[in-house]
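To keep things clear, I will list the structure first and then write my remarks on it.
In UniProt numbering, the protein residues as written are 1 to 653.
What follows is the structure, given as structure tokens:
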């Protein structure tokens, strides 16, 4: 799956606010060190290098209004390293915030009490170094420090009836001389703590709460995972795995149960990752790094879905929140961004052989795909669930077409036979005229005659017109063969242009032949490609031709001369179509690249790429999606960005 990720900047929060509160403070020397977005209280808290905490509040959702600054929480004497917001055990409405600082203390705050009340509830003293990480589970607070210890804090029983708990240290765990940089907790009755330290080839260790006193004991030997120290540890409960970031510029993901690693990647930007967050709704990992990039990863596919540069400079933290918000921390400010996601591509599997053609049953909202596995599969376009399978026993399927406003699908076969299928019943009629593979088919609807015609061609070089309106059980269609001038070579594509009433066919002679559908007379040909012509499309009297030479030629269909040549593709053109609703020409190449063009300026509006090799293509104008059948037996679905339709509508106004 590939996605389009659009970031809209909502608001920035900088340290300049505190300079006005404390005259004489040099704002340029103050930096943002961490942040905490509290959804329940609609507040953003930013810790800064001086030890103060800035609080902003909002009365509505973050994406609908600008937040205003509230109070400044003062008390710490050193940089704020970490903040954690939790509800009180006996209350669902009262939340408190724990902050850890370089002054070696932890403070418990209620920032939302009236301005006349003191927001600091308790200062927890015990560590002899910077407090680097804080975790919380069911009333138990766990902290780590550069003093090489982990401390467990629990509420004092004697003060159980007070509004706020009073924490005392109940256990100190030594990490054998290693700095503890990060903690992450798996909550529950058998609480597990994952610890990352920073000594040499750093270690990841796990502790579990055991016994009546719930004392932490090491439950797993230390694992040497990275070449340098761990900076971040994140436990993802829904997936039961642990993510680690290291100063060796790598990220790793491990099974939380056994510690086995199943994902590892080095930052392609050759700098360290500085923050990580997990998007539970989309099962994606978000990373930020030291030079300002945001990366979105699918760890199961081991694939980077998107890379966006947020700013030039280090990003030190990222968090994911509701309403499609992400909050990114940098030294100068903390920024809130709205994320608009549009899935760029997804894949659908079912066939076991290359897909040679796609057709759409508009009334049924179904997509039909024909494959060299000798089946035609019918899919519900919305869900892409397979609802029917038609099996061809006589010969290999080479092409497919659909009769508009009916449930009839046509398949061209390797032996020259054409089958007319009723999708509902699975019954068929047989059309015989070709002597070799039927490689291409097109439907020509002529309202003036109240007729539907089928145009077919193939390796025998013949172009045959079938009148589908007069189909019967015996001799189902009357046919007419269009005559060529010169040698007859294999045909690879046919099409009908309703604007001019002409039939066009191209193939291995590198030419495009043109006939009048009403008189069956030749109207000439288009000459210019240096390899076989493989595809055709139209915009009124503008004709588009694609070929194995990798070029798309744009022709004046009336005067039959070439206007422009598009040569951005690196491989053979397999198929093309014109989309009137966004005024774009769509081209698909054998290497899997799909381009949307503004052909009047010869510029590419949108590029889609995929590992599978495209072979055929179809467009759904309701979902604004392009379906590409591939040589690897898949159907790749690309979503066209909304902004391209705005461009198209403007262009046609």
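Idealized CB from N, CA, C, for every residue including glycine.
Distance, residue j Cα to residue i Cα
i, j, result
"residue 425", "residue 318", "56 Å"
"residue 370", "residue 303", "30 Å"
"residue 530", "residue 442", "24 Å"
"residue 200", "residue 250", "Bear in mind that the predicted position of residue 200 carries a pLDDT of just 40, short of 50, making it too unreliable to give a figure here."
"residue 400", "residue 445", "17 Å"
"residue 470", "residue 429", "13 Å"
"residue 449", "residue 467", "11 Å"
"residue 74", "residue 58", "21 Å"
"residue 114", "residue 173", "38 Å"
"residue 657", "residue 372", "Residue 657 is absent from the model: the chain starts at 1 and stops at 653."
"residue 217", "residue 46", "34 Å"
"residue 611", "residue 95", "49 Å"
"residue 147", "residue 102", "11 Å"
"residue 595", "residue 638", "11 Å"
"residue 190", "residue 257", "12 Å"
"residue 509", "residue 244", "59 Å"
"residue 219", "residue 150", "15 Å"
"residue 156", "residue 141", "12 Å"
"residue 279", "residue 405", "44 Å"
"residue 202", "residue 227", "Unreliable placement is indicated for residue 202, whose pLDDT of 43 sits below 50; the coordinate value is still reported in the next sentence. In a straight line, the C-alpha of residue 202 is about 7 Å away from that of residue 227."
"residue 110", "residue 194", "28 Å"
"residue 620", "residue 281", "27 Å"
"residue 72", "residue 298", "39 Å"
"residue 436", "residue 253", "55 Å"
"residue 186", "residue 263", "20 Å"
"residue 474", "residue 488", "Bear in mind that the predicted position of residue 474 carries a pLDDT of just 44, short of 50, making it too unreliable to give a figure here."
"residue 479", "residue 502", "17 Å"
"residue 11", "residue 386", "45 Å"
"residue 397", "residue 414", "6 Å"
"residue 246", "residue 355", "44 Å"
"residue 505", "residue 276", "55 Å"
"residue 560", "residue 513", "11 Å"
"residue 20", "residue 78", "Its pLDDT being 47, under 50, residue 20 is placed unreliably in this model, and the value from its coordinates should be taken loosely. Those two C-alpha atoms are separated by around 20 Å."
"residue 555", "residue 266", "49 Å"
"residue 182", "residue 349", "42 Å"
"residue 188", "residue 89", "14 Å"
Whole-number beta carbon distance between residue j and residue i, since they are thought to touch under 8 Å
i, j, result
"residue 617", "residue 358", "7 Å"
"residue 352", "residue 589", "Not a contact, Cβ separation roughly 24 Å."
"residue 407", "residue 423", "5 Å"
"residue 347", "residue 636", "6 Å"
"residue 597", "residue 607", "Actually they are not in contact, since the Cβ atoms of residue 597 and residue 607 sit about 10 Å apart, beyond 8 Å."
"residue 8", "residue 32", "21 Å between Cβ atoms; not a contact."
"residue 271", "residue 13", "At roughly 25 Å, the Cβ-Cβ gap does not stay under 8 Å, so residue 271 and residue 13 are not in contact."
"residue 235", "residue 255", "With a Cβ gap of about 11 Å, residue 235 and residue 255 do not count as contacting."
"residue 728", "residue 461", "In the structure as shown, the chain starts at 1 and stops at 653, and residue 728 therefore has no counterpart that could be examined."
"residue 613", "residue 630", "6 Å"
"residue 34", "residue 80", "6 Å"
"residue 440", "residue 492", "6 Å"
"residue 320", "residue 367", "Not a contact, Cβ separation roughly 34 Å."
Bridge partners - residue i, DSSP secondary structure assignment
i, result
"residue 584", "579"
"residue 452", "445"
"residue 358", "369"
"residue 553", "545, 565"
"residue 322", "In the DSSP output, where bridge partners are listed per residue, residue 322 has none listed."
"residue 140", "137"
"residue 250", "266"
"residue 154", "168"
"residue 42", "BP columns for residue 42 are empty, so no partner."
"residue 271", "DSSP lists no partner for residue 271."
"residue 537", "544"
"residue 610", "In the DSSP output, where bridge partners are listed per residue, residue 610 has none listed."
"residue 338", "8, 325"
"residue 96", "86"
"residue 182", "196"
"residue 122", "108"
Cβ of residue i within 8 Å of any chain D Cβ
i, result
"residue 498", "No chain D is part of this structure, which consists of one protein chain only."
For the region 350-365 and the region 333-340, state whether three or more C-beta atom pairs, one from each stretch, are separated by less than 8 Å. no
Take every Cβ of the region 112-121, pair it with every Cβ of the region 134-152, and state whether three or more of those distances are shorter than 8 Å. no
At least 3 beta-carbon pairs within less than 8 Å: the region 293-310 vs the region 565-575: no
Sequence ranges, beta strand (DSSP E) only - wholly within the UniProt repeat "WD" (493-525), length at least 3: 502-507, 511-516
Taking one C-beta from the region 511-526 and one from the region 579-589 each time, how about it: are there three or more such pairs within less than 8 Å? no
Ordered list of beta strand (DSSP E) runs contained in the region 385-465, each at least 3 residues: 386-391, 397-402, 408-413, 417-422, 428-432, 438-446, 451-458
Residue ranges of each alpha helix (DSSP H) run of no fewer than 4 residues wholly in the region 284-308, ordered along the chain? none
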